[in-house]
Amino acid sequence: MSATNRSKLIAKLHAALKKNYSVPPASPSRPLLEHALYACLLEDCPGELADEGLAKLEQDYFDWNEVRVTTVTELSDVLSSLPDPNKAASRLKSNLQGIFEEFYSFDLDHLKKENLGKAVAKFEKLPGMTPFVLSYIIQHGLGGHSIPIDYSAMVIMLVSGIASQAEAADGRVPGLERAIPKSKGVEFANLLHQPAVALLMDPADKTARAMLESVSKGSSADLDEWLVSKKAAKKRVAKRKAEERETAKQEAEAAAVAEPVEKAPAGKKKPIRSAAKATSTTNKPKAAKKAAAPKASAETSDAGTKAKAAVTKEADEAEEAKTAKAKKSTKKSASKKTSAADTASKKKKDDAGETADAEASKSTSGKKAANRKLTKRKPR
């Protein structure tokens, strides 16, 4: 569709919304965090129920940190009046957790003073952020120009011909912000949200269908066709999931049956097909057992003889070591005795020699004295 035709249809839709619906009162001024949480509840939900859900959360919990640590089940019980409390609770908890991890605080009003692009980039990084919640934060919290379109509003855009199937799947409507000025953005978003939620809760809503027909003829029939295709798609998805569960169940049963066969005990015998095969299969184990028995006995006897031989060898080696030690000790003692005898004989010889020398010296001295007495003295 060309941009001019799209802008004309958007202007026509805006006029039809003004004619069939009244503009709600302006939303109260809230902190930036509460705008984000309110958008989590308002997505695909009437404004009155979203207001009631936010008031319950503020009444039942001490602060938003307590809401952050609460389970989705408990939050869905508190938000039970919403059309889809489970989805709303999961969106709320996910965004609270993401905001806490990103800013480590629930005071986000300082982002209003920052550049709009930087603030939007920080919110876009949050894992639980949806296009509707982001656009609502930009429009109501940051003062930017972005019209929030949720799933129910995108159905109206698709049926009226403003958005194509691919654009609806992407969740965007090109040229919407150009066709609707910033001064009319909040009004258009509030008016569009009313018939969208009405058709979501009751597809046969007469006011909403009349409004669609005034914008584009045949849009009511297109809506019926879309609802039929949606039901068929849901049935196909449910059937595929059931088939996947059935196949998974059959595979699990087959695996459970196969496990006992693999872990069967060794004592069980296989079924006999023929007599010849039976005799061959039955005789082979016996022969193998008989052959294994003598082998085992021979091995045990060999092991016993080897052990005995080793023991006797060790005993012989021990005896030889003892005898060798005894011989060494006897040799040492004999050598000691011989050395002692030699020393004794040497001492005796030395003593005899000394006595002989003494006697010889005495005899020679006596002879000299006798010779001296016999000789005459020479005259002086």
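Read left to right, the sequence shown gives residues 16 to 395 (the numbering used here). Virtual Cβ for every residue (Gly too), placed ideally from N, Cα, C.
To the nearest angstrom, how far is it from the Cα of residue i to the Cα of residue j?
i	j	result
Pro-39	Lys-140	32 Å
Glu-274	Pro-98	48 Å
Glu-259	Ala-270	16 Å
Thr-88	Asp-66	20 Å
Lys-33	Met-172	16 Å
Ile-153	Glu-268	54 Å
Val-93	Phe-121	21 Å
Pro-61	Leu-206	12 Å
Lys-133	Leu-126	9 Å
Arg-83	Ser-105	10 Å
Leu-227	Ser-235	7 Å
Asp-220	Leu-238	12 Å
Phe-118	Leu-47	13 Å
Glu-202	Lys-250	38 Å
Pro-189	Val-272	58 Å
Ser-109	Ala-136	17 Å
Ser-22	His-29	11 Å
His-50	Pro-43	10 Å
Pro-184	Thr-145	The residue asked about is misnamed: residue 184 is Ala in this sequence, not Pro. The alpha-carbon atoms of Ala-184 and Thr-145 are separated by roughly 14 Å.
Leu-131	Gly-159	7 Å
Lys-128	Glu-116	21 Å
Ala-223	Thr-262	44 Å
Val-212	Glu-266	44 Å
Lys-27	Lys-245	27 Å
Ala-1	Ala-31	The question about residue 1 has no answer, for the chain in this structure spans 16 to 395.
Among the options, whose alpha-carbon lies nearest the alpha-carbon of residue i?
i	options	result
Thr-163	Ala-18, Cys-55 and Phe-121	Looking at the sequence provided, one finds Pro at residue 163 rather than Thr. Of Ala-18, Cys-55 and Phe-121, the residue nearest in Cα terms is Cys-55.
Lys-71	Asp-59, Arg-83, Pro-61 and Ser-95	Ser-95
Asn-80	Glu-129, Ile-114 and Leu-64	Ile-114
Lys-102	Asp-59, Ala-136 and Phe-77	Asp-59
Gly-200	Arg-255, Tyr-166 and Ala-41	Ala-41
Ser-167	Pro-210, Lys-128 and Ser-179	Pro-210
Asp-75	Leu-90, Leu-107 and Thr-145	Leu-90
Leu-52	Gln-265, Asn-130 and His-155	His-155
Gln-180	Leu-157, Trp-241, Lys-264 and Ala-263	Trp-241
Glu-63	His-208, Phe-147 and Ala-178	His-208
Report the CB separation of residue i from residue j in whole angstroms; it is logged as a contact under 8 Å.
i	j	result
Gly-186	Met-169	7 Å
Ser-161	Ser-231	That pair is no contact at about 25 Å.
Asn-35	Ala-257	With a Cβ gap of about 42 Å, Asn-35 and Ala-257 do not count as contacting.
Ile-25	Leu-214	Wrong, their Cβ atoms sit about 18 Å apart, outside the cutoff.
With 16 other CB atoms within 10 Å as the buried threshold, where does residue i fall?
i	result
Arg-193	exposed
Lys-310	At Lys-310, the pLDDT of 44 sits below 50, so the modelled position is not reliable; the number obtained from the coordinates is stated separately. Exposed is the call here.
Met-216	exposed
Thr-345	Low confidence applies here, because Thr-345 scores a pLDDT of 44, under 50, leaving its location unreliable and the question unanswered by this model.
Phe-77	exposed
Thr-19	exposed
Leu-86	The residue asked about is misnamed: residue 86 is Thr in this sequence, not Leu. When all chains shown are included, Thr-86 counts as exposed.
Asp-165	buried
Pro-100	buried
Gly-233	exposed
Ser-150	buried
Ala-247	exposed
Val-243	exposed
Ala-204	buried
Val-148	buried
If you follow the alpha helix (DSSP H) that residue i is in, where does it begin and where does it stop?
i	result
Ala-219	First-last for Ala-219: undefined, no H or E at that position.
Asn-80	79-83
Ile-114	100-118
Phe-147	146-151
Glu-139	131-139
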